[in-house]
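J.:
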Amino acid sequence: MNDVKLWTWIFVGLTSSLYIGIAIWSRAKTTGDFYVADKHVHPVLNGMATAADWMSAASFISMAGIIAFAGYDGSVYLMGWTGGYVLLALLLAPYLRKFGKFTVPDFIGDRYYSDTARLVAVFCAIFISFTYIAGQMQGVGIVFSRFLEVDVKWGVVIGMVIVFFYAVMGGMKGITYIQIAQYCVLIFAYMVPVIFISLQLTGTPIPQLGFIGNSGGEPLLQKLNGLTTELGFTPYLSGSKSVWDIAAITLALMVGTAGLPHVIIRFFTVPKVADARKSAGWALAFIALLYLTAPAVGAFSRINFIETVNDSVYEAADVTTGEKATPDWFKTWEQTSLIAWDDKNDDGIVTYKAGPENEVKVNRDIMVLANPEIAGLPAWVIALVAAGGLAAALSTAAGLLLVISASVSHDLLKRVFVKDLSEKGELRAARIAAAGAIFAAGYLGINPPGFVAQVVAFAFGLAAASFFPAIVLGIFWTRTTKQGAIAGMLSGIGFTAAYIIYFKFINPAANTSENWWFGISPEGIGTFGMAINFLVTIIVTKLTAPPPKDVQDMVLALREPGEGVNG
Amino acid sequence: MSNKSRGRSPYWKANLKLMGILLSIWALVSFGFGIFLRPFLDGFSLGGAPLGFWFAQQGSIIIFVVLIFVYTHFMKKLDAKYGSDEAQNP
């Protein structure tokens, strides 16, 4: 383990100094620099930055593990977290870029000619971002504690110091260039172990193809399906969720992705409207590199896990011919309590199957974290995964911090409460807000409210039920009025929040498919929230006076070729 | 929305039509092939993967990427045809 620790310190140290170095080099001088990198980011580079911004600790560490254990049901994340980019590229990004200001509440407030609408949007943006950021800071703490045996608390503090440096100094400009570096680190760290595992299992170095290839003479996926069925688990290829629930969750995640403010603002940073489209394409291409690999990681690691762990003899001394010994990595990770073995029948053999005879408890994160050890790779590869997880968590945290800081300094102070705030004053306020947000996020990372994992559904559900309909109708229906949009956002959020709070917090015991409305789980309820928002907005709009002429003209101008409406 | 687009500029109309086509494909490969038609498509296979399952875990993502680049390409043509700042710049 000492080797691993040394390498991890080296990688974490090197990457962190790189990030801070970039921050010093790209110090923000104006609010334009701070909020949108002065709109000078090349579309391909912005695509890369968006990919890092988007892929969080959850994508990097947890997603492949979720797929490994959920099989087909895990598809909701694969389709949901990528399909949203098509909506972004076609329905949102080009028009918001053309609108030409700094933030999402900027658009909502101006389009709906109302500070009330702006405040509702600010509230949603801040709530969604804090929900999300707590998970990221926790991810930073986990990486430090697992790989370096540093206390989670100090791990979070180290993460806070790094992010503080580059978010507060560099603003969006610094964050953008650092995210580009972070994308390279995280994708390299993700791919290296998988390539070796793919070679071992399927004989091809391209894991995305190994996934649909053969392993030991039969199709890998069919083999896995056979193994899971035989051991009494949900068959890998068919899953257990209802078709309608799968569809609702997928749509909620897609629409939620398209409505997340920290993703949307990345498209404000490119020079031209056409670049916003192009950039969304590149962002998804860079994301797809990881997302096409994740199902392979899931399938490979599940098959490896079943084949090496099930029916293995725990004590190496007891192994006789024809038997296999429990692998060393199993014992290493037992110390972290991510794996637990309870020899219920006292036979010294590890049994892994569904039902009461099962003796193994396993945390899904292990599928990515232990991958290098499972494949028998050297210490530096294990350290690489730590640096990759850190890059994924830090890049997302920084993007979110920027949304919170811009919401406070720009949307609240400059646009509503202190309208005569100077450029310098606003920049200072943005930095103070970013610093404040880091402390709040760090606090949440160290003292995570027990429900962090559950509230992720919240962030997506709320983004789907609030921003997406308001922005889409704002662009595609000139007639939409402020009363319609405000009523729509409030009812969409209200409904979604009530449903999630009821099933996740008030009455978790009732959280089963018989009690769900139309069989839709809280994860998928954002789809209903969105539909309600659309419906309420349309009805209220029909009943109220049309928006002022200049607003209608602005909307029409958004739809024409050419550059910025607001410069 | 279609009745609202009447009398709008040809650029916007062409854009809406393009979006309609691409979003139909978007829905077909994910909600169609990957979810509702999966049991049927699983009767076929791509390499070692049942086709419906493959669309849900890989195929739809590949097509999503292609869709955005196709959109970018055709919008560039539309921009050139109907004149944008970029085309007018010296």
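Chains as they are written, first to last, in my numbering: chain A, 304 to 870; chain B, 19 to 108.
Where is the CB? At the ideal position from N, CA and C, for every residue including glycine.
#1: What's the C-alpha gap between residue 105 of chain B and residue 833 of chain A?
#2: So residue 642 of chain A is in the beta strand (DSSP E); what residue range does that whole segment cover?
#3: Going along chain B in order, which residues have a C-beta closer than 7 Å to the C-beta of residue 389 of chain A?
#4: Can you tell me which of the three DSSP states residue 864 of chain A falls into?
#5: Check whether the segment 705-715 of chain A and the segment 729-739 of chain A touch, using three or more Cβ-Cβ pairs below 8 Å as the test.
#6: Give me the subset of the segment 511-526 of chain A whose CB atoms are less than 9 Å from a CB atom of chain B, sorted by chain position.
#7: Can you tell which of A:741, A:639, A:659 has its C-alpha closest to the C-alpha of residue 648 of chain A?
#8: Under the rule that 16 or more other beta-carbon atoms within 10 Å means buried, what is residue 91 of chain B, buried or exposed?
#9: By DSSP, does residue 662 of chain A sit in helix, in strand, or in coil?
#10: Could you tell me which chain B residues have their CB closer than 8 Å to the CB of residue 702 of chain A, listed as they occur along the chain?
#11: Check whether the Cβ of residue 61 of chain B lies closer than 9 Å to any Cβ atom in chain A.
#12: Could you confirm whether any beta carbon from chain A is found closer than 9 Å to the beta carbon of residue 94 of chain B?
#13: What does residue 63 of chain B pair with, by DSSP beta-bridge criteria?
#14: Just curious, the alpha helix (DSSP H) that residue 849 of chain A is in, first and last residue?
#15: To the nearest angstrom, how far is it from the Cα of residue 673 of chain A to the Cα of residue 685 of chain A?
#16: With C-beta atoms as the reference, is residue 491 of chain A less than 9 Å away from residue 689 of chain A?
#17: Less than 9 Å separating the beta-carbons of residue 359 of chain A and residue 438 of chain A?
#18: Let me check understanding here. Comparing Cα to Cα, which of A:793, A:414, A:745 lies closest to residue 458 of chain A?
#19: Are there 16 or more other CB atoms within 10 angstroms of the CB of residue 528 of chain A, so buried, or fewer, so exposed?
#20: Whole alpha helix (DSSP H) runs in the segment 703-757 of chain A with 4 or more residues, listed along the chain?
#21: Provide the residue(s) that pair with residue 265 of chain A in DSSP beta bridges, ordered along the chain.
#22: Might you give, ordered along the chain, the residues of its own chain that have their beta carbon closer than 7 Å to the beta carbon of residue 25 of chain B, omitting 5 neighbours on each side?
#23: Name the two residues that bound the continuous alpha helix (DSSP H) containing residue 490 of chain A.
#24: Would you grab the beta carbon distance between residue 803 of chain A and residue 764 of chain A for me? Rounded to a whole angstrom, and I think it's under 8 Å.
#25: Assign residue 521 of chain A to one of three DSSP states: helix, strand, or coil.
#26: For a contact defined as C-beta to C-beta under 9 Å, what are the partners of residue 581 of chain A on chain B?
#27: Cβ closer than 9 Å: which chain A residues qualify as neighbours of residue 79 of chain B?
#28: Could you round the C-beta distance between residue 393 of chain A and residue 100 of chain B to whole angstroms and report it? I think they count as a contact, below 8 Å.
#29: Which value, in whole angstroms, describes the spacing of the CA atoms of residue 436 of chain A and residue 583 of chain A?
#30: Closer than 7 Å by C-beta to residue 315 of chain A: which residues in its own chain qualify, once you throw out the five before and the five after it? Chain order, please.
#31: Considering residue 675 of chain A, what are the terminal residues of the alpha helix (DSSP H) in which it resides?
#32: Starting from residue 544 of chain A, trace the alpha helix (DSSP H) both ways and give me its first and last residue.
#33: Listing by chain order, which chain B residues have their CB less than 7 Å from the CB of residue 926 of chain A?
#34: Please list, in chain order, all residues of the same chain as residue 36 of chain B whose beta carbon is under 7 Å from its beta carbon, the five residues on each side excluded.
#35: Please confirm whether residue 441 of chain A and residue 351 of chain A have their CB atoms less than 9 Å apart.
T.: Walking through what the data contain:
#1: Low per-residue confidence applies at residue 105 of chain B: pLDDT is 43, beneath 50, and the placement is therefore not dependable, though the value from the model is reported in the following sentence. Each residue's alpha carbon lies about 38 Å from the other.
#2: 642-644
#3: Near residue 389 of chain A (Cβ distances below 7 Å), the residues of chain B are 44, 82, 85, 86.
#4: coil
#5: Three or more beta-carbon pairs drawn from the segment 705-715 of chain A and the segment 729-739 of chain A are found closer than 8 Å, and the two stretches are therefore classed as touching.
#6: Listed by position along the chain: 511, 512, 514, 515, 516, 517, 518, 521, 522, 523, 524, 525, 526.
#7: Looking at the Cα atoms, A:659 is the closest of the given residues.
#8: exposed
#9: DSSP places residue 662 of chain A in the coil class of the three-state scheme, outside both helix and strand.
#10: Ordered by position in chain B, no residue passes the 8 Å Cβ test against residue 702 of chain A, which lies about 20 Å from the chain.
#11: No, no contact with chain A.
#12: Closer than 9 Å to the CB of residue 94 of chain B there is at least one CB belonging to chain A.
#13: B:68
#14: Where residue 849 of chain A is concerned, there is no enclosing alpha helix (DSSP H), given that its DSSP letter is neither H nor E.
#15: 8 Å
#16: no
#17: yes
#18: A:745
#19: Flag for residue 528 of chain A reads buried.
#20: 726-749
#21: Residue 265 of chain A lies beyond the residue range present for chain A, which begins at 304 and ends at 870; the question has no answer from this structure.
#22: Legend: pLDDT at residue 25 of chain B = 48, less than 50; position of this residue unreliable, value from coordinates given subsequently. Excluding sequence positions up to five before and after residue 25 of chain B, its CB lies less than 7 Å from no other CB in the same chain.
#23: 472-505
#24: 6 Å
#25: Three-state result, residue 521 of chain A: strand.
#26: Chain B residues near residue 581 of chain A: 86, 87, 90, 94.
#27: 381, 382, 385, 386, 587, 590, 591, 594, 595
#28: Not a contact, Cβ separation roughly 18 Å.
#29: 23 Å
#30: 689, 690, 693
#31: 674-677
#32: From DSSP, residue 544 of chain A is part of no alpha helix (DSSP H); its letter is neither H nor E.
#33: No answer is possible for residue 926 of chain A: it lies beyond the span of chain A, which begins at 304 and ends at 870.
#34: 89, 92
#35: no
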